[in-house]
Every structure is written in C-alpha cells, then in structure tokens.
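Accompanying notes for the structure given below.
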Amino acid sequence: MFQPIDVSFYQQPTLELARSLLGKLLVKETELGTASGWIVETEAYIGPGDRAAHSFGNRRTRRTDVMFGPPGYVYTYVMHTHCLINVVSGESGHPEAVLIRALEPCTGIGLMYERRGPDKKLQALTNGPGKLTKALGIEKEDYGRSFFAPPLYIAEGKNIESIAAGPRIGIENSGEAKHYPWRYWAMGNPFVSRL
DNA sequence: CTGAGGATTGGCT
DNA sequence: GCCAATCCTCAGT
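In terms of UniProt numbering, the numbers along the first sequence are unbroken and rise by one, the last being 195.
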C-alpha cells in the first residue's frame with residue numbers, strides 16, 4: 001500500500017521531528033481493512049525536564065518504559081475512556097515523544113465512519129487525539145510496536161506549506177511548562193483539534 | 001487492596 | 001461553558 005519511512009527519519013531532535021511529522025501519513029492495517037490520515041497536529045514532550053511529560057524527572061514506569069528506548073516506536077496509553085498515540089523520539093536513555101493530536105482523513109474513510117459513528121461530519125472523525133485512534137483502530141495493545149513496518153506505520157504524505165506553533169493543550173497543572181510553544185499544526189487546516 | 005488523578009470526548013445547560 | 005463517563009496506572013497502606 002504505502003512505503004514506511006526509514007528508521008533514520010526518527011533520529012532527529014524531538015522539536016524538529018514534531019514539525020517533520022506534519023503532512024506525513026499515519027497508516028493502520030487491521031482485519032477490517034486499512035485506514036490512514038495525514039498528520040496535521042503534533043505536540044512535543046521532552047522529559048526529564050518537561051513538567052508536562054509523563055517522563056518528567058526521569059520517571060520510568062511500565063507506562064513510560066518505551067520512551068526510554070530508541071526512537072520510532074509506539075507509545076500508546078489510555079486517557080479517561082480514550083487511547084492516545086505518541087511517536088517515541090530522542091536517543092535511547094532520553095525519554096522524549098511526540099503526541100499525534102489530529103489527522104486529515106486520507107484512505108479508509110468508510111471504515112472510519114463505521115468506527116466513529118455515521119452521524120459525524122468528516123472533520124469530526126479525526127480532529128482530536130482520542131478520535132483519530134478510534135478512527136484508525138489504534139489501541140493500547142499497539143504499545144511498543146515500531147512505526148517503520150506494518151501493521152502500524154508512517155509513510156510520506158504531502159507538503160505542509162505553513163506551520164503554526166503555540167502552547168500545548170490540556171496541561172494546566174504543569175507549571176512553567178504549560179507556556180512552552182511545543183504544539184505544532186498545519187496552519188489553516190480544518191482538521192486540527194482547536195484554533 | 002484502595003484511592004486519586006489524568007496529554008479527552010460528547011452531551012447538556 | 002460545565003461535567004460525567006469510565007478505566008487504566010501508579011503510589012500508599
């Protein structure tokens with residue numbers, strides 16, 4: 001179907017990777033079929049110094065363990081009733097990651113409607129971190145997979161003309177870190193989670 | 001074993 | 001805008 005991007009792509013500084021991921025295609029193959037979308041919004045989390053990161057203070061638990069490994073692997077975790085997905089970044093021993101917050105649907109849109117419900121506007125399918133995982137069929141069991149081979153991988157997509165940056169969403173209790181402009185999105189794209 | 005706390009979402013006021 | 005849903009994960013007893 002699509003060609004996964006090589007491992008070396010993930011070996012760049014986390015803030016650069018967060019921007020480089022915009023426009024790339026996130027693909028998930030399941031028994032029900034394949035669904036994919038262009039990444040249009042990301043957030044960088046750079047432990048151990050980032051109070052908003054799960055790995056703040058080098059906190060290593062069963063949940064954050066994959067963040068301490070090499071880049072290019074899948075970090076999923078459950079938030080309330082939803083699953084969120086991150087791309088592990090940074091060298092081994094540096095627990096950093098990029099949260100994927102929104103997609104623009106590409107292929108398998110019918111499948112996305114089956115998973116998200118039929119009475120949705122197109123943009124409501126994938127314009128949030130918990131929505132896009134449900135639309136693509138990504139689950140916490142994907143934790144620890146790599147992003148450079150099926151069934152879950154990232155491929156080349158389309159060029160993003162203009163990238164906007166601003167504070168990250170939903171981290172009010174993170175002290176100074178809440179001001180860091182580590183959220184990136186494709187300017188003007190209607191599928192980003194918030195303006 | 002128990003309790004508290006979320007990198008959210010969708011429905012209702 | 002407010003708030004409940006709902007379920008891990010983690011830390012403390």
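Where is the CB? At the ideal position from N, CA and C, for every residue including glycine.
Here DSSP, grouped into helix, strand and coil, assigns Pro-4 to strand. In this structure, the beta-carbon distance from Pro-95 to Pro-48 falls below 9 Å.
Met-67 sits buried, since 16 or more C-beta atoms from the chains shown fall within 10 Å of its C-beta. In this structure the region 37–46 touches the region 89–109; the number of beta carbon pairs closer than 8 Å is three or more. In this structure, the alpha-carbon of Thr-126 lies about 19 Å from that of Asn-159.
The alpha-carbon separation between Arg-19 and Leu-99 amounts to approximately 11 Å. For Gly-166, the enclosing beta strand (DSSP E) starts and ends at 163–166.
In the displayed model, Ser-20 falls within a helix according to three-state DSSP.
Closest option to Ile-169, judged by alpha-carbon separation, among Tyr-73, Asn-58, Ser-162, Trp-185: Trp-185.
Here Leu-136 has Lys-28, Ala-35 as same chain residues with Cβ atoms under 6 Å from its own Cβ, once five neighbours each way along the sequence are excluded.
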